[in-house]
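Engineer: Sequential numbering of the first sequence, starting at 102, is according to the numbering used here.
My questions all concern the structure below.
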Amino acid sequence: MKIASWNVNSVKARLPRVTEWLADARPDVALLQETKCLNEGFPALELEDMGYNLALHGQKSYNGVAILSRHPLEDIQIGLPGYGDDEQCRYIEATVNTVRVACIYLPNGNPAPGPKFEYKLEWMGHLKARVADLLKTEEPLVFGGDYNICPTDEDVYDPGGWQQDALCRPESRSVFRAIVNLGLTDALRQFKTGPGIYTFWDYQAGAWQKDHGLRIDHLLLSPQAADRLTDAGVDRAVRGREKASDHVPVWCELDF
DNA sequence: ATGGTTGTGTTACAA
Numbered sequence: 102m103k104i105a106s107w108n109v110n111s112v113k114a115r116l117p118r119v120t121e122w123l124a125d126a127r128p129d130v131a132l133l134q135e136t137k138c139l140n141e142g143f144p145a146l147e148l149e150d151m152g153y154n155l156a157l158h159g160q161k162s163y164n165g166v167a168i169l170s171r172h173p174l175e176d177i178q179i180g181l182p183g184y185g186d187d188e189q190c191r192y193i194e195a196t197v198n199t200v201r202v203a204c205i206y207l208p209n210g211n212p213a214p215g216p217k218f219e220y221k222l223e224w225m226g227h228l229k230a231r232v233a234d235l236l237k238t239e240e241p242l243v244f245g246g247d248y249n250i251c252p253t254d255e256d257v258y259d260p261g262g263w264q265q266d267a268l269c270r271p272e273s274r275s276v277f278r279a280i281v282n283l284g285l286t287d288a289l290r291q292f293k294t295g296p297g298i299y300t301f302w303d304y305q306a307g308a309w310q311k312d313h314g315l316r317i318d319h320l321l322l323s324p325q326a327a328d329r330l331t332d333a334g335v336d337r338a339v340r341g342r343e344k345a346s347d348h349v350p351v352w353c354e355l356d357f
């Protein structure tokens, strides 16, 4: 089973790129972030015609997450449990073919410090609690999404220039590390090691052309999922296409 | 270079 995550930066503006990628990469499950539309505005028919079932949690203009699955979606959970008063649509969870899958759009947190950074850290605290709860089930789990966290200096083209940014600050990295250390495996790093593995390049200042990227999209696996991990990668070429998102898909293959 | 780009949706805000 192939599971991918992609911040599409508007599913409506990106629809031609999304459908061509789905046809090419053929993921069984696709976790999309920044859909930027209400559920009634989501291009459901086009994606259902490609064989996908949908679970949606959208809002107007900002944020928004979706799970696309070739298998039936069971026990859909809208929003992050334990954070019922979160007004932003950043989390959705469902069971697919015995695997519990979470789609995460973690707050960016800039400018830091400030209220947006506090919100990011608060959100991460709730995510950590949810991960700890689900790990108790000892089921295969995949926590995928745009974490807006660059885990180490190896994951950014210019660590010095980014060390004050909410994506790289020690407080952000510390909570991310604490979540991973509950017992999760960074799927991509099992197959792609060393510097220069990126999933995001800013639209500005020719970042893509200069390969000024960051690795901020992740697939974190529970032990029962990691035991079945056979491959992982980044669909980097997607960034070079016309009307591209600023993020590219990251994917993993699980033997289920 | 106090710059640069994209998307939403009205002209500022988020990334």
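The C-beta atom is built at its ideal place from N, Cα and C for all residues, glycine as well.
For the stretch 112-195, which segments carrying the alpha helix (DSSP H) assignment without a break, of at least 4 residues, lie completely within its bounds, in sequence order?
Structural biologist: For the stretch 112-195, whole alpha helix (DSSP H) runs of length 4 or above, ordered along the chain, are 116-126, 145-149.
Engineer: Which residue wins for smallest C-alpha separation from A288, given the options R231, A167, L355?
Structural biologist: The candidate whose alpha carbon is nearest that of A288 is L355.
Engineer: Run the CB neighbour count on R316, radius 10 Å, all protein chains shown included, and call it buried at 16 or more, exposed below.
Structural biologist: That one is buried.
Engineer: Look at the Cβ atom of C251, then the Cβ atom of L228, and state whether they are nearer than 8 Å.
Structural biologist: No; because the gap between Cβ atoms is not below 8 Å, this pair is not in contact.
Engineer: Hey, out of L181, A308, N249, V197, whose CA is closest to R191's CA?
Structural biologist: Ranking L181, A308, N249, V197 by Cα distance to R191 puts L181 first.
Engineer: Could you have a look at K311 and say whether DSSP puts it in helix, strand or coil?
Structural biologist: Three-state result, K311: coil.
Engineer: What are the start and end residues of the beta strand (DSSP E) that includes D247?
Structural biologist: Unbroken beta strand (DSSP E) run through D247: 242-247.
Engineer: Where R340 and N108 are concerned, what is the direct C-alpha to C-alpha distance, given to the nearest angstrom?
Structural biologist: Cα to Cα, the separation comes out at about 12 Å.
Engineer: Helix, strand or coil, according to DSSP, for R329 in the structure here?
Structural biologist: Note: R329 maps to coil in three-state DSSP.
Engineer: Taking A105 as part of the beta strand (DSSP E), name the residues at either end of that continuous run.
Structural biologist: From DSSP, the beta strand (DSSP E) with A105 extends over 103-108.
Engineer: State the Cα-Cα distance for the pair A326 and E194, rounded to the nearest angstrom.
Structural biologist: Distance between the alpha carbons of A326 and E194 is about 16 Å.
Engineer: Should the stretch 331-347 be regarded as contacting the stretch 303-311, the criterion being three or more beta carbon pairs within less than 8 Å?
Structural biologist: Short answer: they touch.
Engineer: Reducing DSSP to helix, strand and coil, say where A203 ends up.
Structural biologist: Residue state, collapsed to three classes: strand.
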